[in-house]
Amino acid sequence: MSEKLMDKKMWALVAAIIVVTSALISVGVVTQKSNSASAGKITVTDSLGRTFTFQHPVTRIVSLDPSATAILYALGSYRYLVGGNQFDCYPPHETAPNVGDSYSVNYEEILNLSPQVVLGYGTSMPTYGTYINDTLHIPFILDNPENFTQIENLTTMLGILTGTQSNATLINNWMQENLANVRNQISLQTNRGQSVFYYLSACGGIWTSGNDTFINQYFSILDLKNIANSPGYYTVSAELIASESPDIILLDQYVPYSDVTAAPFNQTSAMTSSPQKVYAIFNDSFFNEPDFRVVYAIQWLAEQVYPGIQLSISQFPISLQYPPWPSS
Amino acid sequence: MHGKYLTSLVSGRRSQLSTRSAVIAVIFFVVLIVSLSIGTVQIPPMIVAEIILSQIPFLGAHFASGFSQVQYEIVVLLREPQILGAVVIGASLGVGGAVIQSIFKNPITEPYVIGISSGAALGAVLAIAGSVYIFGAYTVGGMAFIFSLLVVFLVYFASIRRGKVPMVYLLLMGIAISLFVSAIVAFLLFSNIRLQGAVFFWLLGSLQEMTWPKVEIITGINILMIMVSLLYSRELDAFQMGEEYASSVGVSVERTKILLIATITLGVSSCVAVAGLIGFVGLVIPHVSRIIFGGSNRSVVPASAVLGSVFLLISEDIAHSRLFGGEVIPIGIITSLIGVPFFMFLMVRLAGGFYES
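Sequences listed follow chains Y and Z, in order. Basically our numbering = 1-based index in the first sequence + 1430. Basically our numbering = 1-based index in the second sequence + 13.
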């Protein structure tokens, strides 16, 4: 008797839940918004080839991409940044609220900020990008600069988007001029073609960046030979390090020097030469964020690899409260 | 004298269970309503109520005045599908756990043990790694769903012995194939360092990207799953006594097993496909139901649905609250963080020897 009564109550409860759930769903479905297409004057294309059109330059931007944030600042469009991300590092003292990072974002906060556009970073469309675009109906523009030309393209795109295209041109010209100067100076060096190994991470193996990566372009410009020949980011065997015996070892900011004092690194040319040619990156954000500040990263690396080289980077063309060059 | 004693005992027990049912029902509706007011953006409860009322067809216009468009979108586009998603997924995982534990006659099993989670992870990783877009915005979820079904199918058919599926075989085969599939997932992740972040967050589970179409899909599938489970609650009770006993009381053992496993797989896989891997619910909520309502599946199945919903709603509220400085925490972390201590407390204080025999 008791169990039967319980059954009835439980069935009634489940039925009530189903009814409430179904009612709320039907109400929600009725109120879904349609995604209206816009026609306008400004058109930009993202790294996936998708085209976005706006009536006017945008004035409310959420950036989930630290590089885009840095470029917006340099363009003079930083005042349009209404939401940033937890990896933003330049300019310092960001005041815009943090709405997430490359993996997890706070959708409520994004909607609350009413941005006209959200900028993201990645090799393919992240699921949150699809959600922002398709469900929140906010254009999600993806970028993925893998070389210096693509950094310039990103700068130009952000310039068009925010109505600061003339500043974008100034920045791109500054990059091209300085990179050309670096190439000229390197061509005068006698000890070109040294082999290099970039020690990216020691977590779960010896991680490095391969021949099609952004980091590899630094090596190309400086006429260095990356011993990691495969594409992408991956782990290499200790035997490769021992057999290739790189002339130079570049340590990521978070890889301690003690990691290269044991085999297979301790017998490499980099470690046995005098002085040792092991260089720890002074600030990851200059090396790993694909924006115009890579010019300073290349300058630093050139000065380590080619002692005595005379490299001077010209004055940055835009006056900024927080200078883009590394603080000494 | 003896009869009166039994009658009063039954009556007391009935009253106790009625009270517990009522309390849980009240908790469910209170949590459901409160959840709509909780989020990283503060919206006053009265505004939330207005927004909800404004959605009522024909009458809504009377209430559509005191809130902004942004507040409306936050409640309608984000909170409502997430909350309803939590209700459906919590119920699905809870019922899935109750059914699987009964079929396997094993209290430490859950739906994921038959390969649902590893299959879904493989599908999701393949979609992310291969930049596959065959289902558009639903590709990751779609691939997770398909691979989840494929792996369970493989586990089931690899376990067939002389026309039957012995449960020990099914359990061991599920564990073995899941480990194998997990190794493939690990290899894919190891091969592409950039995938690790995205996949890691998917594996932790999240209701953040719940949309109305997703809620509609999982609601339809899981209503079916819960109904089938309720209809077969007597058979599940018989399974708890062993397959021989079930057969002796007229249960078509193999047919019932395949029907229940298929529906649980469909329901739970659909949830995993849209929300990633949310752990703990399927394992523990059925036990909480048994502690509160006793061992019969006629009570445990519906109670697991309601308690699973309540538990996931509370977890979602915590994940979404301002406790973490505006950052939304993956719900899979919260379910374990609050669930384990709660369950331990419940076992110590309320089980009263339930697990000692």
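Think of the CB as a built atom: it goes at the ideal place given N, C-alpha and C, for glycine as much as any other residue. All figures in this text were calculated on a predicted structure; none of them were measured in a lab.
With DSSP collapsed to three states, give me the class of residue i.
i, result
"V1460(Y)", "Note that V1460(Y) has pLDDT 46, beneath the 50 cutoff, so the model's placement of it is unreliable and the number below is only indicative. If DSSP states are grouped into helix, strand and coil, V1460(Y) belongs with the helices."
"S1468(Y)", "The predicted model places S1468(Y) with a pLDDT of 45, which falls under 50 and marks its position as unreliable, so this point remains unresolved."
"I1571(Y)", "strand"
"F193(Z)", "helix"
"Y1558(Y)", "helix"
"R174(Z)", "strand"
"F203(Z)", "helix"
"N1656(Y)", "strand"
"L1377(Y)", "With chain Y covering 1431 to 1758 only, the question about residue 1377(Y) has no answer from this structure."
"V1594(Y)", "Sequence inspection shows Thr at residue 1594(Y); the Val mentioned does not correspond to that position. If DSSP states are grouped into helix, strand and coil, T1594(Y) belongs with coil."
"T1691(Y)", "coil"
"V262(Z)", "coil"
"T1698(Y)", "coil"
"V1708(Y)", "strand"
"Y1736(Y)", "coil"
"T122(Z)", "coil"
"T1483(Y)", "strand"
"S1639(Y)", "strand"
"Y1389(Y)", "There is simply no residue 1389(Y) to check, as chain Y begins at 1431 and stops at 1758 in what is shown."
"N1646(Y)", "helix"
"T1473(Y)", "strand"
List the residues of chain Z whose Cβ lies closer than 9 Å to the Cβ of residue i, in chain order.
i, result
"L1680(Y)", "Within chain Z, no residue comes near L1680(Y); the closest Cβ sits about 17 Å away, beyond 9 Å."
"G1479(Y)", "Going along chain Z, no residue has its Cβ under 9 Å from G1479(Y), so there is no contact; the nearest lies around 13 Å."
"S1544(Y)", "Q82 and V83"
Exposed or buried, what is residue i when buried is set at 16 or more other beta-carbons lying within 10 Å of its beta-carbon?
i, result
"Y151(Z)", "buried"
"M357(Z)", "exposed"
"W1755(Y)", "exposed"
"C1633(Y)", "exposed"
"P57(Z)", "exposed"
"A1526(Y)", "buried"
"R1723(Y)", "buried"
"H300(Z)", "buried"
"T1557(Y)", "buried"
"A189(Z)", "exposed"
"N1696(Y)", "exposed"
"P1676(Y)", "buried"
"S1757(Y)", "exposed"
"K177(Z)", "exposed"
"N1614(Y)", "exposed"
"G1530(Y)", "buried"
"P1737(Y)", "exposed"
"Q1729(Y)", "buried"
"G1559(Y)", "buried"
"S1650(Y)", "exposed"
By the criterion of Cβ-Cβ separation under 7 Å, what are the contact partners of residue i in chain Z?
i, result
"E1538(Y)", "G52, T53, V54, I87 and L91"
"D1564(Y)", "A150"
"S1493(Y)", "Result: empty, since nearest Cβ-Cβ is about 16 Å, beyond 7 Å."
So, are the CB atoms of residue i and residue j less than 8 Å apart?
i, j, result
"V1685(Y)", "Y1629(Y)", "yes"
"V194(Z)", "G128(Z)", "yes"
"T1565(Y)", "L97(Z)", "no"
"V112(Z)", "L320(Z)", "no"
"I1571(Y)", "V1492(Y)", "no"
"G317(Z)", "S328(Z)", "Inspection of the sequence shows that residue 317(Z) is occupied by Ser rather than by Gly. Contact: no."
"V228(Z)", "T276(Z)", "no"
"I1679(Y)", "V1666(Y)", "no"
"F1578(Y)", "L1549(Y)", "no"
"I1472(Y)", "Q1619(Y)", "no"
"A1710(Y)", "Y1687(Y)", "yes"
"Y1533(Y)", "P1521(Y)", "no"
Measure the beta-carbon distance from residue i to residue j and round it to whole angstroms, keeping in mind my assumption that it falls under 8 Å.
i, j, result
"G280(Z)", "M238(Z)", "3 Å"
"A1732(Y)", "V1612(Y)", "6 Å"
"I298(Z)", "F324(Z)", "6 Å"
"A286(Z)", "A133(Z)", "6 Å"
"L135(Z)", "F160(Z)", "5 Å"
"M186(Z)", "V168(Z)", "5 Å"
"E1576(Y)", "M1605(Y)", "Between M1605(Y) and E1576(Y) the Cβ distance is about 15 Å, and since that is not below 8 Å, they are no contact."
For a contact meaning CB atoms closer than 8 Å, what does residue i contact in chain Y?
i, result
"F214(Z)", "Y1533 and S1534"
Please list, in chain order, the chain Y residues whose beta carbon lies closer than 7 Å to that of residue i.
i, result
"N310(Z)", "Ordered by position in chain Y, no residue passes the 7 Å Cβ test against N310(Z), which lies about 11 Å from the chain."
"V153(Z)", "T1557"
"V341(Z)", "S1534 and N1536"
"T224(Z)", "T1565"
Residue i CB to nearest chain C CB: under 8 Å?
i, result
"T1560(Y)", "Among the protein chains of the structure shown, namely Y and Z, there is no chain C."
So which residues on chain Z does residue i lean against when the C-beta distance must stay under 8 Å?
i, result
"S1762(Y)", "In the structure displayed, chain Y extends from 1431 to 1758; residue 1762(Y) sits before or after that span and is not available."
Quick one: which chain Y residues come within Cβ less than 9 Å of residue i?
i, result
"N205(Z)", "G1662, Y1663 and Y1664"
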